[in-house]
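Shown next, in structure tokens, is the structure this report addresses.
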Amino acid sequence: MAVDEGSFASDLPLNERSRTLPERPVSWSALGECVIAPALGIGLGIMLLVWVVLPVLGYGYAERVIAIGQHLDAAMQDERPVAVALGSSIVTEGIDAEAVESTADGWDVLNFAVNGAEMNQQRLMLPKVLAAHPRAVVLFLRPVALADPVEVPPDIAYGIVLGGFVHSWQAGFDAGDDSPILNAAARAQLRSSSFQAKLHFRRVPINVLNQRARERLRKHVRHVVPSDFVRPHDLVASISGNALELHVQSVIEENRKRLESMPQPVGRELVLAVEQIADAGATPVLVIAPQHPLVQPAIDSYNDLLAEIASVCAGTHNGIFIDARDDIDASGFADAQHLNEAGRIEFSRFVGTILHSLSASKP
């Protein structure tokens with residue numbers, strides 16, 4: 153009679169049954185599924201992070217803030233008058249310092265703009281900039297200068313610390329009525345020690361990897377060293393068609409959303425910045441930056457208010473006000489907001505003529 157080994161084994165006690173069942177061979181395919189599949193998933197995740205997520209997030213510009221501080225530490229001892237340009241990406245993309253100098257007749261020009269720097273961040277940097285005694289400080293404006301500024305990112309706050317800008321603040325500057333608009337987190341970061349700031353920048357290798365990935369993926373972006381104060385632009389091509397239309401709508405929406413409820417008094421940060429510049433003996437030069445013809449009509453009411461405030465500021469503090477909102481046509485723009493090479497050179501030469509109008513021998 154045939155013996156059913158399975159049935160026989162099932163009738164045994166559990167400890168006896170385990171000794172009678174045959175050992176199963178190791179399944180390498182199953183092991184591979186358990187190990188190789190997760191490894192592939194991790195690898196894919198890293199690839200997505202490096203090639204997709206990081207390029208979208210963009211590059212941290214704190215290194216540029218630090219480089220500006222280090223440059224100022226060397227002092228500007230040139231016998232020629234010096235003009236400093238401050239602003240956001242509108243200025244990094246829109247001003248070529250060498251082109252400005254070509255029509256400024258005897259001026260040296262430094263582009264100290266930082267991508268994303270709004271008026272509160274510019275005011276944090278101004279005391280150290282002014283301590284170097286520039287003859288003129290050029291502020292390039294757009295309507296969002298009237299809105300509450302965005303929060304200063306942690307990277308930038310710690311960059312301001314490492315750049316030595318905090319040491320130039322007067323007592324109470326970060327707590328008095330003239331303080332730049334900052335949230336509690338930014339205030340705490342700006343009071344941190346150099347060690348704390350350096351600890352934060354343990355992420356620098358990731359920032360470098362981020363920028364390299366961004367440059368590789370976006371063919372229209374060039375590599376710019378943080379200490380480039382002549383032509384720090386990174387856009388090298390213009391968009392058109394549907395991409396441009398989408399960017400136009402995005403810029404218009406950003407302006408409308410941020411300017412729906414303006415702080416009181418309107419343009420507070422701009423007014424205080426102009427006062428800082430004038431009190432230091434420099435000439436404030438206020439320029440409403442060129443705007444794309446497809447954007448300008450939708451935000452012109454804000455432009456008019458900005459022009460009114462800037463004009464009064466310049467008149468009160470012996471400065472210069474220029475409304476250049478429509479000085480560059482559509483062919484001079486890389487997108488809905490930033491100038492391309494042709495527009496940058498044209499506008500920079502125009503800014504040079506403004507500086508030329510100032511007396512180069514002014515004490």
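Under this note's numbering, the first residue of the sequence shown is numbered 153, with each subsequent residue one higher.
Note that CB positions come from ideal geometry on N, CA and C, so glycine has one too.
Boundaries of the beta strand (DSSP E) in which residue i is found, first to last residue
{"i": "isoleucine 312", "result": "No beta strand (DSSP E) holds isoleucine 312; the alpha helix (DSSP H) holding it covers 306-314."}
{"i": "aspartate 260", "result": "260-263"}
{"i": "proline 436", "result": "435-440"}
{"i": "alanine 235", "result": "234-238"}
Identified DSSP bridge partners for residue i
{"i": "phenylalanine 485", "result": "Leu491"}
{"i": "aspartate 479", "result": "DSSP lists no partner for aspartate 479."}
{"i": "leucine 387", "result": "Val373"}
{"i": "leucine 293", "result": "Ile440"}
DSSP-derived helix/strand/coil call for residue i
{"i": "alanine 288", "result": "strand"}
{"i": "isoleucine 188", "result": "helix"}
{"i": "phenylalanine 381", "result": "coil"}
{"i": "phenylalanine 317", "result": "coil"}
{"i": "serine 345", "result": "coil"}
{"i": "valine 205", "result": "Residue confidence for valine 205 is low, a pLDDT of 46 falling below 50, so the modelled location carries little weight; the figure read from the coordinates is stated next. Of the three classes helix, strand and coil, the one that applies to valine 205 here is helix, per DSSP."}
{"i": "isoleucine 472", "result": "strand"}
{"i": "serine 500", "result": "helix"}
{"i": "aspartate 257", "result": "coil"}
{"i": "glutamine 416", "result": "coil"}
{"i": "glutamate 245", "result": "coil"}
{"i": "glutamate 303", "result": "coil"}
{"i": "isoleucine 506", "result": "helix"}
{"i": "alanine 462", "result": "helix"}
{"i": "alanine 161", "result": "Low confidence applies to alanine 161: its pLDDT is 49, below 50, so where it sits in the model is not reliable enough to give any reading."}
{"i": "tyrosine 211", "result": "With a pLDDT of 39 at tyrosine 211, under the threshold of 50, the predicted position of this residue should be treated as unreliable, and no value is reported."}
{"i": "glycine 193", "result": "helix"}
{"i": "isoleucine 451", "result": "helix"}
{"i": "glycine 268", "result": "coil"}
{"i": "leucine 457", "result": "helix"}
{"i": "leucine 298", "result": "helix"}
{"i": "glutamate 250", "result": "helix"}
Span of the alpha helix (DSSP H) around residue i
{"i": "methionine 271", "result": "271-283"}
{"i": "glycine 393", "result": "393-411"}
{"i": "glycine 221", "result": "214-225"}
{"i": "leucine 424", "result": "420-431"}
Expected contact under 8 angstroms - CB spacing of residue i and residue j to nearest Å
{"i": "alanine 476", "j": "isoleucine 440", "result": "6 angstroms"}
{"i": "aspartate 248", "j": "arginine 496", "result": "5 angstroms"}
{"i": "leucine 293", "j": "leucine 438", "result": "6 angstroms"}
{"i": "valine 252", "j": "arginine 410", "result": "Contact flag wrong, Cβ pair sits at about 29 angstroms."}
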